[in-house]
Amino acid sequence: MAKDKLRVAIAGCGMISEFHIRAIEQIPELEVAGVWDIAADLAKALAEKWNVKAYGSYDEMIADPQVDIVDICLPAGIHAQYGCKAAEAGKHLIVEKPIDVTKEAGEQLIAVANRAGVRLAVILQTRFAPAIGKVKKALDEGALGRLLYGEAAIKWHRNESYYTSKPWKGTWEFDGGGALLVQGIHTIDLLLWFMGSKVKTIKSFARTSLHPIEVEDLAAAVLEFESGALGYIVGSTAMKPGYPERIELYGEKGSVALEAGRIVRWQVEGMNEEDYLDPTPRGSGSSDPGAIPVDNHTAQLQAIARSILAGEQPPVSGPEAMVSLNCILDIYRLGGMEPKK
Ligand SMILES: NC(=O)c1ccc[n+]([C@@H]2O[C@H](COP(=O)([O-])OP(=O)(O)OC[C@H]3O[C@@H](n4cnc5c(N)ncnc54)[C@H](O)[C@@H]3O)[C@@H](O)[C@H]2O)c1
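In my numbering, the protein residues as written are 413 to 753.
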């Protein structure tokens, strides 16, 4: 009989893992099989709180025949290492963003999952916010005409205790980057997805301007797309007190702007702005990583579950997740910061 429910084992019991559990609790097609963390006390506490199993080791978790999906909520620089092992054990994969921190590691994970015949989805949950879907649909239908220019601004703030809270925060090896790769990636992913064209040229600057960390806390880049459109990205964790992230898109027929996942401007020929403006504020991680809404995770995890059950590629695919990673790595390299991993 075909399955109607998939059991998810979560690797990594830090900040984001509980968002996954809270989301999975709301999804009829998913169930938490158990959790694991290299810090056994964290796994035990999370397991007790949610009344699920705490695995004693990663190998035990990926060998469990009850587990259909391994959900990687570990530091980014070890996503592929752990993900490949789970794929080789025959488990489907959900991997938190970014897919990993280098092009080689990301591509290796995609290749290993393909070879093992398992599905791989990368969490880029802001694509699933209702306002984002509305904008994407309008762009695909040509509402703005040809896109001329798009801008992503992530002027966030992280305090020193954020970077000192865990030894891997702010390191090339485990975070793989800073303001762009850890915080800005969602907004950058959306900009590239909306622009719908490959990046052809990048001019950029990246630097550590305020925090005592290895990775960048401020970067800016001008992009030229193959379509001829231009783009601009600025990302920071040094902008006190932290401002909601914005995307602005300009096309032949007008302009649309989003702030923290809601539409704040829709000035397009022949369209009524009031039909599109979203009056309800949504959470932003602008100064607190835990302030993001859980409903985008719920929407993506449900879409992933339904696709896997239907035998289809779940969103967001590995190759799609490589687009923002590659762009950010190019911004670092061309901006004078070479990731050291
Ligand atoms: N989608 C989002 O909006 C969002 C938000 C925050 C974090 N994330 C992503 O989720 C992932 C985890 O982030 P987090 O904020 O939960 O981090 P975290 O530091 O809070 O948790 C990471 C967990 O991994 C464990 N760990 C550390 N090193 C390990 C190792 N070598 N082997 C095994 N386990 C190890 C730690 O004990 C910790 O519990 C990252 O990829 C991050 O980018 C995504």
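We put the CB at the ideal spot given by N, CA and C, even for glycine.
In this text the structure is predicted, and so the values were computed from the model without any measurement.
Open item on the list: Quick check on residue 754: does DSSP put it in helix, strand or coil?
Closed with: The question about residue 754 has no answer here: the residues shown for the chain are numbered 413 through 753.
Open item on the list: The beta strand (DSSP E) that contains residue 613, what's its start and end?
Closed with: Along the sequence shown, read from residue 1 onward, the residue named residue 613 stands at position 201. Residue 613 -> beta strand (DSSP E) spans 611-619.
Task: Contact test: residue 487 Cβ vs ligand 1 heavy atom, cutoff 8 Å - done: On the sequence shown, residue 487 is found 75 positions in, with the first residue counted as 1. Yes, since a heavy atom of ligand 1 falls inside the 8 Å radius drawn around the Cβ of residue 487.
TODO: Look at the alpha carbon of residue 488 and the alpha carbon of residue 684, and state the distance between them as a whole number of angstroms.
DONE: The residue given as residue 488 occupies position 76 in the sequence shown. The residue given as residue 684 occupies position 272 in the sequence shown. Distance between the alpha carbons of residue 488 and residue 684 is about 42 Å.
- [ ] For residue 681, I'd like the list of residues in its chain whose CB is within less than 7 Å of its CB, leaving aside the five on either flank, ordered along the chain.
- [x] As a working mapping, residue 681 is identified with position 269 in the sequence shown. Exclusion of the five residues before and after residue 681 leaves 665, 666 as the residues of its chain whose Cβ lies within less than 7 Å of its Cβ.
- [ ] In the DSSP assignment, find the alpha helix (DSSP H) that holds residue 745 and state where it starts and stops.
- [x] Translated into positions along the sequence shown, residue 745 becomes position 333. Where residue 745 is concerned, the enclosing alpha helix (DSSP H) stretches over 730-746.
TODO: Can you give me the Cβ contacts of residue 702 inside the same chain, cut-off strictly under 7 Å, excluding the 5 residues immediately before and after it?
DONE: Locating residue 702 in the sequence shown gives position 290, counting from the first residue. The residues 427, in chain order, have a CB closer than 7 Å to that of residue 702 in the same chain once the five nearest residues on each side in sequence are set aside.
- [ ] Check the C-beta distance from residue 663 over to residue 560 and give it rounded, since I have them as a contact under 8 Å.
- [x] Locating residue 663 in the sequence shown gives position 251, counting from the first residue. Locating residue 560 in the sequence shown gives position 148, counting from the first residue. That pair is a contact at about 6 Å.
TODO: Out of 705, 493, 606, state which residue places its alpha-carbon closest to the alpha-carbon of residue 563.
DONE: For this step, residue 563 is matched to residue 151 along the sequence shown. Comparing Cα positions, the closest option is 606.
Open item on the list: If contacts are defined as beta-carbon pairs under 8 Å, then residue 584 and residue 626 qualify, I think. What distance do you get, rounded to the angstrom?
Closed with: For this step, residue 584 is matched to residue 172 along the sequence shown. For this step, residue 626 is matched to residue 214 along the sequence shown. With a Cβ gap of about 5 Å, residue 584 and residue 626 count as contacting.
TODO: Just mark residue 527 as buried or exposed, buried being the case when its beta carbon has 16 or more other beta carbons within 10 Å.
DONE: Position 115 of the sequence shown, counted from the first residue, corresponds to residue 527. Per the 10 Å Cβ criterion, exposed.
Open item on the list: On the DSSP letters alone, give me the boundaries of the beta strand (DSSP E) that residue 448 sits inside.
Closed with: Stepping through the sequence shown from its first residue, residue 448 is reached at position 36. Counting along the chain, the unbroken beta strand (DSSP E) around residue 448 starts and ends at 442-448.
- [ ] Could you check if residue 570 is buried or exposed, using at least 16 other CB atoms within 10 Å of its CB as the buried criterion?
- [x] In the sequence shown, the residue the question calls residue 570 occupies position 158. A residue is called buried when at least 16 other Cβ atoms come within 10 angstroms of its Cβ; residue 570 meets this threshold and is buried.
Open item on the list: Taking the beta strand (DSSP E) that residue 566 belongs to, which residues open and close that run?
Closed with: Within the sequence shown, the letter at position 154 stands for residue 566. Segment 559-567, the beta strand (DSSP E) holding residue 566.
Open item on the list: At a threshold of 8 Å, does residue 578 count as lining ligand 1 (C-beta to nearest heavy atom)?
Closed with: In the sequence shown, residue 578 corresponds to position 166, counting from 1. Yes.
- [ ] Could you spell out the range, first to last residue, of the beta strand (DSSP E) harbouring residue 504?
- [x] Indexing the sequence shown from 1 puts residue 504 at position 92. Looking at the DSSP string, the run of the beta strand (DSSP E) that includes residue 504 is 504-508.
Open item on the list: DSSP three-state label for residue 454, please.
Closed with: Numbered from its first residue, the sequence shown carries residue 454 at position 42. Here residue 454 sits in helix by DSSP.
TODO: Say whether the region 642-652 touches the region 687-696, bearing in mind that this needs 3 or more beta-carbon pairs closer than 8 Å, one atom from each stretch.
DONE: The answer is no - the region 687-696 does not touch the region 642-652, with fewer than three Cβ pairs under 8 Å.
- [ ] On a CA-only basis, which of 541, 520, 557, 439 is nearest residue 496? Give me that one, please.
- [x] By 1-based counting over the sequence shown, the position of residue 496 is 84. Comparing Cα positions, the closest option is 520.
Open item on the list: Please tell me whether, using a cut-off of 8 Å, the distance from the CB of residue 537 to the nearest non-hydrogen atom of ligand 1 is below it.
Closed with: Counting from 1 along the sequence shown, the entry for residue 537 is found at position 125. It does: the Cβ of residue 537 is within 8 Å (strictly closer) of some heavy atom of ligand 1.
Open item on the list: Just to confirm, is the Cβ distance from residue 632 to residue 749 under 9 Å?
Closed with: Counting from one through the sequence shown, the residue named residue 632 turns up at place 220. Counting from one through the sequence shown, the residue named residue 749 turns up at place 337. Against a cut-off of 9 Å, the Cβ pair of residue 749 and residue 632 comes out as no contact.
Task: Sufficient close CB pairs (3 or more, under 8 Å) joining the region 530-539 to the region 718-731 - done: Because the criterion of three Cβ pairs below 8 Å is met, the region 530-539 and the region 718-731 touch.
- [ ] Jot down the residue ranges of each uninterrupted beta strand (DSSP E) in the region 510-579, minimum 3 residues, whole runs only, in chain order.
- [x] Those beta strand (DSSP E) runs which fall completely within the region 510-579 and span 3+ residues are 532-535, 559-567.
Open item on the list: Can you tell me which residues form a DSSP beta bridge with residue 645?
Closed with: Within the sequence shown, numbered from 1, the residue matching residue 645 stands at position 233. Looking at the DSSP output, residue 645 bridges to 564, 633.
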